[in-house]
Amino acid sequence: MEPSHHPEPAGSSSGTGGRPPEPPVVHLRRAVALLGDFPALAGADLDVGRGEIVLLRGANGAGKTTVLRTLAGLVRVSEGEATVLGVDLVTDRNAVRHRVGLLGHGTGLYEELTVADNVRFWARACRARPEDADAAMARLGVDGRLRNVAVGRLSTGQRRRTSLACLVARRPELWLLDEPHAGLDQEGRDVVDSLVRDATAAGATVVMSSHELDRALSLADVVVTVAGGTTRREQPGPVVVPMIGDPQEAPDVA
Ligand code: ATP
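If you're matching positions, the sequence shown starts at 67 in my numbering and goes up one per residue.
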């Protein structure tokens, strides 16, 4: 893994020149979240500084998707501390939704609308400019003929690209990417990597999960192992992932 070129996460006093450290973009402490009566987060700790790229890794069912959905304000935190972009998720999780962008397992797209209408819709919802929507479609290669194609007629990879274009057009402060390389061709995977690097260079923060470890490790500044709904921040280098968790898919829980 490459050394971090990003600001130190909160809690570190180095490199601030005497200024108080920036508050973390993400702060979880002993966070618990229940899906039904199952503690999918079971006391998770996580601190992420602005501009960092964090990789969540772990076995199927470990809780990676739940961490990402919790940070997006979609899952209620029932115990512990949870703050994203200064918003307390325990008391006010809806307030964070327009400031984060989640690429989840579902597409979040309107099937009957065209690519362009979907991307413009999400851009408008976040008060982004129409030209941001156009630029995002061009960057993801869903411009030209595809702009006017209904999402219901797209291939899997084209849908994934359209979902990514929606996220890019919204210019979120925190990107939450659940297996962003999945379903994409080689060129698409490279585009994801360059989008992540560009976003963090411009001051955004990225938390992502991936089972494509070689690619994801070369992108990440920080690796966090998720297991049984808990988290452990790792030192750079090879990490042994405990094979615990259960392989059920988490449904959407708002
Ligand atoms: P994967 O790598 O397979 O995508 P993951 O690490 O993202 O897995 P999650 O989807 O966060 O894992 O699931 C965490 C745990 O929560 C799993 O054990 C799963 O079975 C459980 N779970 C998900 N949804 C529910 C639910 N509605 N009720 C009970 N348990 C659930």
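Glycine included, every Cβ here is placed at the ideal spot set by N, Cα and C. Since we're looking at a predicted model, the values are computed, not measured.
Within 10 angstroms of the beta-carbon of residue 267 lie fewer than 16 other beta-carbons, which makes it exposed.
In the three-state reduction of the DSSP assignment, residue 270 falls in the coil class, being assigned neither a helical nor a strand state. Using a cutoff of 7 Å, the CB of residue 292 counts as near the ligand ATP, since one of the ligand's heavy atoms is closer than that. Proximity of the beta carbon of residue 218 to the ligand ATP is not indicated: no heavy atom of the ligand is located closer than 7 Å. According to the DSSP secondary-structure assignment, residue 222 is paired through a beta bridge with no residue. Between the C-alpha atoms of residue 102 and residue 164 there is a straight-line separation of about 26 Å.
Counted as a single uninterrupted DSSP element, the beta strand (DSSP E) harbouring residue 291 occupies residues 288–293. Across the set 276, 271, 285 and 298, the C-alpha of 271 shows the shortest separation from the C-alpha of residue 91. In the displayed model, residue 277 falls within coil according to three-state DSSP, outside both helix and strand.
Using a 10 angstroms sphere on the CB of residue 297, the tally of other CB atoms reaches 16 or more, which defines it as buried. Restricted to the segment 192–268, the alpha helix (DSSP H) segments that are unbroken, complete and at least 4 residues in length are 196–206, 222–236 and 252–267, listed in chain order. Note on residue 93: 16 or more other CB atoms within 10 angstroms of its CB, so buried under the neighbour-count rule. Within the same chain, 169, 272 and 274 come within 7 Å of residue 243 by CB-CB distance, once the 5 residues on both sides are set aside. Beta-bridge analysis with DSSP links residue 114 to 92. A straight-line Cα-Cα distance of about 18 Å links residue 241 and residue 225. A check of alpha carbon separations from residue 295 across 200, 107 and 192 identifies 107 as the nearest. Note on geometry: alpha-carbon atoms of residue 175 and residue 85 lie some 43 Å from one another. DSSP places residue 135 outside any beta strand (DSSP E); the residue lies instead in the alpha helix (DSSP H), whose first and last residues are 130–137.
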